[in-house]
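Protein chains: 2
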Amino acid sequence: MDSISTAGGAEVMKRQNRSSVLHVLRKESPVSNAEMARHTGLSVMSVSNIVKELQACDLVETTGSGESQGGRKPTLYQLHEQNWVISVAIHVDNIQTAKINPQGNIVQVEKKSICGQLRQNEWAALVCDLIDQLLENTEDQARPLGIGVSAPGPVDVDSGTMLHPPNIKAIEQWEVAALLRERYRLPVVLERDANAAALAEYWFGSSENKSSMLYVLADQGIGGGIIFQGKMYRGFLNGAGELGHHTIDMDGPKCSCGSYGCLEALASGIAMTKKAETMQNQREAPSSEKQQITLEKIFQAAMAEVPLAMQLLEESANYLGVGIANAANILNPEEIIIGGAIVHGYPAAMETISYLVNDRILYNGNNSMIIKRSQFKEEAQLVGAAAVILDHLFSNPQLLMK
Amino acid sequence: MDSISTAGGAEVMKRQNRSSVLHVLRKESPVSNAEMARHTGLSVMSVSNIVKELQACDLVETTGSGESQGGRKPTLYQLHEQNWVISVAIHVDNIQTAKINPQGNIVQVEKKSICGQLRQNEWAALVCDLIDQLLENTEDQARPLGIGVSAPGPVDVDSGTMLHPPNIKAIEQWEVAALLRERYRLPVVLERDANAAALAEYWFGSSENKSSMLYVLADQGIGGGIIFQGKMYRGFLNGAGELGHHTIDMDGPKCSCGSYGCLEALASGIAMTKKAETMQNQREAPSSEKQQITLEKIFQAAMAEVPLAMQLLEESANYLGVGIANAANILNPEEIIIGGAIVHGYPAAMETISYLVNDRILYNGNNSMIIKRSQFKEEAQLVGAAAVILDHLFSNPQLLMK
DNA sequence: TCAGTTATTAAAATGGTTTTAATAAGTATA
DNA sequence: TATACTTATTAAAACCATTTTAATAACTGA
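Here's what the structure looks like:
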């Protein structure tokens with residue numbers, strides 16, 4: 170059976186319609202039956218029945234009644250606020266877990282920093298510990314609905330496996346989804362971090378919910394996530410959106426990936442600190458006391474208007490502008506959201522980037538493409554992991570109901 | 170109503186199922202009811218009924234019976250070969266029209282070269298003339314099912330309007346779809362040329378029908394089309410796939426689009442001829458008789474192993490390799506097909522490009538990404554326009570079935 | 001207060017799909 | 001050659017989520 174096809178009988182229809190209603194509830198809530206009917210194209214009666222079903226499963230609640238549109242006041246509904254999912258964000262140097270409700274609000278967070286090299290089973294133990302902490306003080310009525318995991322790429326989404334993240338040597342072929350599914354008996358979905366962050370922004374962040382969005386994560390490295398037709402586009406091997414590793418200067422410096430002149434080798438936090446170190450070495454005697462340079466310090470220096478720092482950041486913004494314009498010409502998204510430390514630590518970067526992208530983009534009738542800074546900062550992946558599992562559950566409502 | 174949503178009742182289900190069957194008939198024919206049921210996920214009974222319906226509309230025909238799989242021989246079906254659509258390919262210097270059947274075979278072609286500047290209404294008259302010629306000697310039983318039009322971008326697909334093609338000055342805001350729909354009383358769809366060529370390759374060409382494909386058209390200019398989950402991805406303003414205008418060398422030459430170092434400014438046919446002219450001028454006295462350089466002549470020179478020509482083409486292939494690798498890292502397609510004069514006039518380009526792409530691509534487990542040369546040459550857009558209208562009809566079967 | 005609008009609900013009708021069961025037409029093996 | 005087993009097709013009945021129709025509820029504005 171073709172996975173693309175949506176053919177089928179009443180069962181398929183039922184699933185699609187419940188999925189549609191759930192997605193509308195998430196996007197438009199609080200919302201009335203009548204309005205949901207307009208959004209989904211279903212009859213009011215069907216929506217009414219479906220909502221009643223969802224209420225019976227404690228997935229939906231009433232939030233009072235809305236303004237009259239000239240007749241009887243509508244009853245408004247939303248996804249039940251007390252429901253929550255478990256969200257896990259695996260980073261190179263820390264792990265976060267959280268309870269997050271369907272509105273994308275963080276109810277509780279647990280975090281653990283990681284010093285030194287951990288083995289794979291130590292990572293596993295840590296993740297489970299943090300989840301257990303979330304579950305401990307649970308006198309909630311509501312059960313967790315599922316677990317979403319965000320992790321550095323590459324990942325195999327289908328099997329829920331972390332493959333071999335370049336900056337976490339000890340992890341290889343870790344079937345994290347299977348582990349958690351087994352242990353907690355819940356639906357589990359794994360997603361690459363930039364994709365998760367993209368979905369966080371699309372669902373709960375600065376996105377205006379256009380049908381296509383490019384999310385760029387500009388931090389120590391540079392990655393991205395793509396939304397096509399309201400859904401995440403992962404590509405063949407979950408490698409879509411790796412715009413950090415596209416060449417914008419064929420004569421540029423060598424990149425960690427082996428190519429030359431990649432955006433990441435020119436504009437990333439790592440590239441900037443490396444460049445700053447080189448400049449420092451040139452100016453001071455090699456034997457003198459060296460100060461450890463970090464991205465954070467570059468931001469601070471720029472805030473203090475140190476010319477070299479400002480120049481470094483401005484250069485980075487320039488490269489980002491060119492690179493993002495490239496991606497925009499290939500993808501032609503309706504909306505671009507830029508997140509990560511660079512645009513938050515040096516807000517002026519957005520101006521440079523916006524200018525360059527608008528200047529270099531081929532098709533942009535009436536300058537209608539939107540380009541914005543992300544709403545989420547460090548918590549992007551965490552909220553994103555929640556969005557990922559919620560998306561999975563809403564697209565497969567049979568996992569939630571009955 | 171959200172355009173993304175597939176919610177609805179029996180009517181929606183019916184349309185989706187007929188659409189699925191039609192698409193399977195196109196992809197897998199000749200094919201039995203039972204096999205179609207497996208492909209679509211529908212019951213055999215439903216497929217049987219739907220096929221019977223399609224037969225009644227003369228859309229499907231039997232092609233005898235297939236091999237036994239251990240039981241009764243299956244009756245095989247395919248889309249009726251005698252049906253056809255009208256295909257129109259608008260190029261900068263010529264117009265082609267054709268009758269094309271659902272198997273993608275060209276039944277009849279008409280072509281008209283264009284010398285000098287035509288006005289918009291002259292273009293219109295010419296297109297209609299060529300279509301009329303197709304319809305003239307029609308003692309066919311079957312009527313044409315619809316009209317597909319391929320044209321240089323930018324185009325507005327929704328309204329079927331050619332906006333302002335940079336190389337056809339006289340055309341601006343030409344509502345070509347409305348014109349043809351009015352005149353011939355048939356469904357009409359307009360598509361950008363590179364997208365049409367991409368669909369031609371995906372449906373009828375070298376594609377192995379993976380779920381995602383990047384098609385690159387490397388000719389005088391450089392463009393592209395993207396297939397995503399088996400469907401064309403157009404982007405916001407139908408501008409997706411414009412990888413000709415992404416920068417691969419920030420210090421590169423100025424491009425016609427205003428940017429610097431675009432792939433098109435470095436690797437395209439126009440870029441090569443320009444470069445060849447410059448070299449010629451440097452070597453000869455400016456007053457001497459100059460030979461007009463064309464892309465075709467460069468290919469011939471390379472065939473004759475003239476070093477300069479070979480170097481020019483090899484350089485172009487190099488740029489293409491880098492540019493396509495960039496797009497591959499952003500899109501991570503399962504399959505890349507490269508068409509246009511450059512890879513057909515200089516086949517060795519494929520080796521260079523393949524090598525570079527495979528070398529520079531970030532995620533490519535087991536080298537499983539496919540990279541191939543296109544099957545279609547000049548006729549790509551023409552066949553593509555047919556694919557585009559067929560796709561439209563198959564996705565909206567109510568247009569076909571009474 | 002009455003006419004007009006919007007929202008919700010109940011019961012019946014609808015309509016395409018699936019199920020069940022029967023038939024048709026092959027293959028493989030003894 | 002007969003028998004058992006497969007696979008494909010077809011007909012009638014059952015199914016089931018949706019829509020339709022009609023009635024009711026609740027609010028606005030003149």
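Taken in order, these protein sequences are the chains called A and B.
Using this note's numbering, you'd call the opening residue of the first sequence number 170 and step up by one each time.
Using this note's numbering, you'd call the opening residue of the second sequence number 170 and step up by one each time.
Virtual Cβ for every residue (Gly too), placed ideally from N, Cα, C.
So what does residue i bridge to, in DSSP terms?
i      : result
B/N263 : B/S282
B/S543 : None; B/S543 has no bridge partner.
A/T442 : BP columns for A/T442 are empty, so no partner.
A/E370 : Its beta-bridge partners do not exist; DSSP assigns none.
B/C431 : B/T416
B/M401 : B/I396
A/I391 : A/A387
B/S381 : B/F397
Leaving aside the five residues before and after residue i along the sequence, list all residues of the same chain whose C-beta is less than 6 Å from its C-beta, in chain order.
i      : result
B/W372 : A556
B/A267 : S256, I275, V278, L551
A/G322 : R361
B/L349 : I316, V357
A/E341 : H333
A/T232 : P199, L245, Q247
Let me make sure I understand the geometry here. Which of the options has the alpha-carbon closest to that of residue i?
i      : options                        : result
A/E484 : A/L500, A/I499, A/A496, A/I467 : A/I467
A/I337 : A/G410, A/D262, A/N252, A/K400 : A/D262
B/T175 : A/N536, A/S189, A/M382, A/D301 : A/S189
B/A339 : B/R288, B/V385, B/A347         : B/R288
A/N202 : A/M214, A/M182, A/S328, A/R195 : A/M214
A/Q389 : A/T463, A/V324, A/I558, A/W343 : A/T463
B/G237 : B/E204, B/E230, B/I269, B/M570 : Reading off the sequence shown, one finds Ser at residue 237 of chain B, where the question assumed Gly. Among B/E204, B/E230, B/I269, B/M570, the Cα nearest to that of B/S237 is on B/E204.
A/M401 : A/L211, A/H561, A/A225, A/E377 : A/H561
A/S437 : A/N450, A/P422, A/I396         : A/P422
B/L568 : B/L194, B/A179, B/S198, B/C226 : B/C226
A/A494 : B/S212, B/S234, B/E411, B/M182 : B/E411
A/V318 : A/S564, A/N565, A/I558, A/M570 : A/I558
B/E547 : B/E446, B/N270, B/I264         : B/I264
Near residue i, what residues of its chain come up, given a Cβ to Cβ distance below 8 Å and the 5 sequence neighbours on each side ignored?
i      : result
A/S375 : I506, K541, R542, S543, Q544
A/G273 : A369, W372, F373, V552, A555, A556
In three-state terms, what does DSSP make of residue i?
i      : result
B/C581 : Since the first residue of chain B shown is 170 and the last is 571, residue 581 of chain B is not available in this structure.
B/A176 : coil
A/E360 : strand
A/E520 : helix
A/I396 : strand
A/G514 : helix
B/M570 : coil
A/L406 : coil
B/Q277 : strand
A/L386 : strand
B/S437 : coil
A/I530 : coil
B/M170 : Any reading at B/M170 needs caution, since the residue's pLDDT is 35, under 50, leaving its predicted position unreliable; the model's value is listed next. The answer is coil: DSSP assigns B/M170 none of H, G, I, E or B.
A/S375 : coil
B/S564 : helix
B/E291 : helix
B/N270 : coil
B/C297 : helix
B/L355 : coil
B/L538 : In the sequence on display, residue 538 of chain B carries Met and not Leu. In this structure, B/M538 counts as coil in the three-state DSSP scheme.
Please go through the same chain and pick out, in chain order, the residues whose beta-carbon is closer than 7 Å to the beta-carbon of residue i, but skip the five residues on each side of it.
i      : result
A/S172 : Residue placement at A/S172 is poorly supported in this model, since its pLDDT is 44, which falls under 50; the coordinates still yield a value, given next. For A/S172, where only same-chain residues beyond five positions count, there are no Cβ hits under 7 Å.
A/E520 : none
A/L386 : A363, A366, G392, G393, G508, G509
B/V403 : It is Arg, not Val, that sits at residue 403 of chain B in the sequence shown. The residues are V326, N364, A409.
B/M170 : Any reading at B/M170 is ruled out, since the residue's pLDDT is 35, under 50, leaving its predicted position unreliable.
Report the start-end ranges of each beta strand (DSSP E) in the segment 183 to 268 of chain A that is 3 residues or longer and not cut off at the edges. Inside the segment 183 to 268 of chain A, DSSP marks whole beta strand (DSSP E) runs of 3 or more residues at positions 229 to 234, 244 to 248, 253 to 259, from first to last along the chain.
Could you tell me which uninterrupted alpha helix (DSSP H) segments, each at least 4 residues in length, are contained entirely in the segment 303 to 351 of chain B, listed from first to last along the chain? none
If you scan the segment 453 to 510 of chain A from start to end, which runs of the alpha helix (DSSP H) of 4 or more residues do you find wholly inside it? 464 to 472, 476 to 500
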